[in-house]
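*Asks:* Residue numbers (this note's numbering): 1 to 772.
1) Buried or exposed for residue 248, going by 16 or more other Cβ atoms inside 10 Å?
2) Out of curiosity, what's the CA-to-CA distance linking residue 539 and residue 415?
3) Using alpha carbons as the reference points, say which of 632, 53, 630 lies closest to residue 271.
4) So residue 117 and residue 102 are supposed to be a Cβ contact under 8 angstroms. How far apart are they, rounded?
5) Within a Cβ cutoff of 8 angstroms, which residues of the same chain sit near residue 608, ignoring the five residues on either side of it in sequence?
6) Quick check: the Cα distance between residue 465 and residue 20, rounded to an integer number of angstroms?
7) In angstroms with no decimal places, state the Cα-to-Cα distance between residue 170 and residue 396.
8) Going by DSSP in three states, residue 270 sits in which element: helix, strand or coil?
9) I'd like to know whether the C-beta atoms of residue 303 and residue 157 end up nearer to each other than 8 angstroms.
10) Suppose you measure from the CA of residue 160 to the CA of residue 182; what does that come to, to the nearest Å?
11) Measuring straight from C-alpha to C-alpha, what distance separates residue 329 and residue 231?
12) Could you pull the start and end residues of the alpha helix (DSSP H) that residue 179 belongs to?
13) Would the beta-carbon of residue 198 fall within 8 angstroms of that of residue 279?
14) If you reduce the DSSP assignment to three classes, tell me which class residue 71 lands in.
15) Answer yes if the segment 331 to 339 comes into contact with the segment 403 to 410, meaning at least three C-beta pairs across the two stretches below 8 angstroms, and no otherwise.
16) If I'm right that residue 761 touches residue 737 with Cβ under 8 angstroms, what's the distance once you round it to whole angstroms?
17) Have a look at 15, 526, 327 and flag the residue whose alpha-carbon is nearest the alpha-carbon of residue 448.
18) Residue range of the beta strand (DSSP E) that residue 565 falls in?
19) In the DSSP assignment, find the unbroken alpha helix (DSSP H) run with residue 474 in it and report its ends.
20) Excluding the 5 residues flanking residue 429 on each side, which residues of the same chain have their C-beta closer than 6 angstroms to its C-beta?
21) Inspect the beta-carbon positions of residue 560 and residue 647 and report whether they are closer than 8 angstroms.
22) From 234, 152, 98, 45, pick the residue whose C-alpha is nearest to that of residue 79; which is it?
23) Pull the bridge partners of residue 727 from the DSSP assignment, please.
24) Leaving out the 5 sequence neighbours to the left and right, which residues in its chain are closer than 8 angstroms to residue 134 when beta-carbon positions are compared?
25) Tell me, which residues are paired with residue 118 by DSSP?
26) Could you check the C-alpha separation between residue 686 and residue 697 for me, to the nearest Å?
27) Does any C-beta atom of chain C lie closer than 8 angstroms to the C-beta of residue 753?
28) Would residue 109 and residue 288 qualify as a contact pair, given that the criterion is a beta-carbon distance under 8 angstroms?
29) Give the range of the alpha helix (DSSP H) segment to which residue 513 is assigned.
30) Are the segment 430 to 442 and the segment 512 to 531 touching by the rule of at least three beta carbon pairs closer than 8 angstroms?
31) DSSP three-state call for residue 621: helix, strand or coil?
32) Can the beta-carbon of residue 96 be found closer than 8 angstroms to that of residue 705?
33) Please report the residue range of the alpha helix (DSSP H) in which residue 22 lies.
34) Quickly, what does DSSP pair residue 751 with across the bridge? List them, please.
35) Answer with buried or exposed for residue 3, where buried requires no fewer than 16 other C-beta atoms within 10 angstroms of its C-beta.
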C-alpha cells in the first residue's frame, strides 16, 4: 500500500474518530408516541415540557400555581397520592422564601428506605420560561415514573417523587424538605435532574460526603446505555460553587446522589429563550436513558450501602463504554510510565534511533506550538471582543455563535502546530521529536496526580504514546494506520474535554482549548511526523479558520432568532426624593435609548446588591419621573434587654403593593448577637475553612433577601450590644416596570429579551431604617 493511500486512510480514520467522539454519546430522537406504555417515550415527555415551559413560573408569578397544579394533576392521573409542603425556609446565605414542594411516595416491599427522584419546577426570575431548567427534569420524572408503574413490578425500596420549589432563589425547597419533612429521614439515595442550557449530553455528577467507589460501581452495574461522565469533571465540580438541590440533601442529611445535567446552548440558560422548541429532544431522550435503568436498579438494591472509603478514577467512552480503576493506581501507573519512558529512551539511543541532541531539540517546536497556540487564541478572542462589543451583553459568557469560535480556535491552534513542525522538522528525526511530548505529558500527569487527581486518567493516552515510541524506535517508517489507531484513546479521552471546557466555563477560556489542542496534536507526531506536506495541513487549517471567522461573523448580530439581552430598572430613593433609570448594558440600544438618550450618562451607582452572579453592575443612569409608589409599612419596636443585657428589637416590614422581593442591607458593619427572620435562624457559612455568619459574623453589607411570594410581613427579631446603632437600607422590588401605567415603559421588540441573572424590569424603592 503506497504512502498516499495510507495517508488518506489515516486522515479519514482521524475524522471518523472525531465524529465518533461527538456522536455516539447520546441517543437519537425519533417520534416514539407509539412506544409501549412500559417504555420511556421522549415524545410523551416532551408534551409535559410544552405544558410547563411556555411562560415564566417563578415563585410568586401568576403561572407558578398553574405549573404546580399541572404536576399534581399528572401524578393523580397515575393513581398516586400527592401532598404539598409549604413553609418558610431561610438558607445559610440569608435567602428567605416560602416554597411549595410537591411530593408523592410509592411504597416498596422493604423496610422503608427510600430512593428520591427529584427536580425543581420553578423557573428562574423573572423572564425565564424554564422549559429546560428544569421543565425537562419534571418531564423526565413524570414520563419515567408513568412507564415504571405500567410494569406493575414489585420493588423493595420506597420511591419518593420530589418536585422542589424555590431552587432558583436559594435551594429553599430542598432545604425545607430536609429540615421539616418526615420523609427526609428515610431517604438514602437521590437522583436529581438539572439543566444549565438547552441541549447537549447530560453529564452525571456525583454528590457524596464520602468517597465515590460504591456509587460509581453501582452506576456502572445499572447499565445505562449512554453514560457521560468522568472523574475530572467530578473533581472540578467539587471545587466550584455550583450547588444544586442535591447539594442541600448531601450537606444537611448526608444523602448520596447523582446529578444529571446538560450544559450546551448555555446562551438559553435563565432567559426568555428557555422555551420548549429550543430544548434538544435528544437531550430529553438522554435523561430518560439515565432514569429508567437507574430506577429499575436502585428500586431493588440495598441503597444503605453506597458510602465508601475509597475513590475511583473513571471516564466514559463512545458506544456506552465506562472505564474505572482505583485511586491507588494513580502513582503506580505514573511511575511505571516514567520507567518505561526512560527504558525506551535508553533503548532508542543504543539503537541510534534517538539522539540526546535531537531529543532536546524536540522541546523547541513543542513549547513554541503550545505557547503560541494559547497566546494567539487568547489575542484573537480579545480582538473579537473589541470588534464585537455586543458580545459583552451575554451574561453567560457564551455567545450565540460560540461553537464556531471553539471550532476556529481549534483550527487556529492546529495551523500553528503544523506550521511550526513544518519549519523545524528538517533538522529533527521524528522519533527524537516525539520524546519531548511524552516527557511533557508525563510531567503534566505528575502534577495532576497531586493537584487534580480526577484527571489522572490522562496517563492512558500516554501509555499508547509509549507504545508508538517503541514502534518508532524499532521501525524506520511505522505503519500510518497503526499509528492512528493507537492515537484513538487520545481523541476519545481528550477531545470532548477540550470542546466542552469553553462551553462550561465561558469563551474566555478559548485560550485553554488552544493550549490543550496543541498538546493533543503532540501525541499525533508518530503520524504527522512522517507526512511530507505539513505545510499543506497548516494552510488547510488556516483556511478553515478563516472560513469559520466569516461564518461566526454572519451569526454575530442580534436578531429574532438570536435576541439581544438588555435591561432597565426604575429606582426611587425615598430618603432623597429622587428617581433614576438604571441599566446594566454595555451598549444603549433602540429600546433603552428612549430612557437614557443618545449621550447616556455612565452610572456611579455602587450598591452591592445590584450585580449579577457574573459581576455585572449598573453602567448607565438617567433621571426618571418621580411617581407615587406605596411604600411598605415599617415599624421598629424596642422589646427590652435580653438575658445577656443586649438590646432587643422587633422590626416589621409589611408590603403595601404587590412586590416580588425585599433586600435588606446593614451599612454600619454591626455584628448582631441574635437575629431571627420570621422565626428562623441562619446556619454558619464557611469561606474556605473559616466560619462566618450572615448576621453574627458578617463579611458583607447584605443581610438578607426575602422573596415575598405571599406578600406576608417580614418580621425580624434581633439583639445588639449596647451602643451599637445599626442602619438598615431596604430595597423592595416588583417586576411591574413593563406595563406600569405611570412610567409607560413599552414592551421590547421581538429581537430583544430581558437580560438574565440581574434584577431587571423592576420598580425599586429604597428606604433607610435607623435604629436610634
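No residue lacks a Cβ here, since even glycine has one placed at the ideal position from N, Cα and C.
*Replies:* Well, looking at it:
1) buried
2) 7 angstroms
3) 53
4) The Cβ separation is near 12 angstroms, so there is no contact.
5) Low per-residue confidence applies at residue 608: pLDDT is 49, beneath 50, and the placement is therefore not dependable, though the value from the model is reported in the following sentence. Excluding positions up to five away in sequence, the list reads 665, 700, 701, 702.
6) 21 angstroms
7) 19 angstroms
8) coil
9) yes
10) 12 angstroms
11) 14 angstroms
12) 172 to 180
13) yes
14) helix
15) no
16) 5 angstroms
17) 327
18) 564 to 566
19) 459 to 474
20) 358
21) no
22) 152
23) 770
24) 119, 120, 121, 167, 193, 194, 195
25) 162, 192
26) 11 angstroms
27) Checking the listed chains, one finds no chain C in this structure; it contains a single protein chain.
28) no
29) 510 to 522
30) yes
31) strand
32) yes
33) 3 to 23
34) Paired residues: none, contrary to the question.
35) exposed
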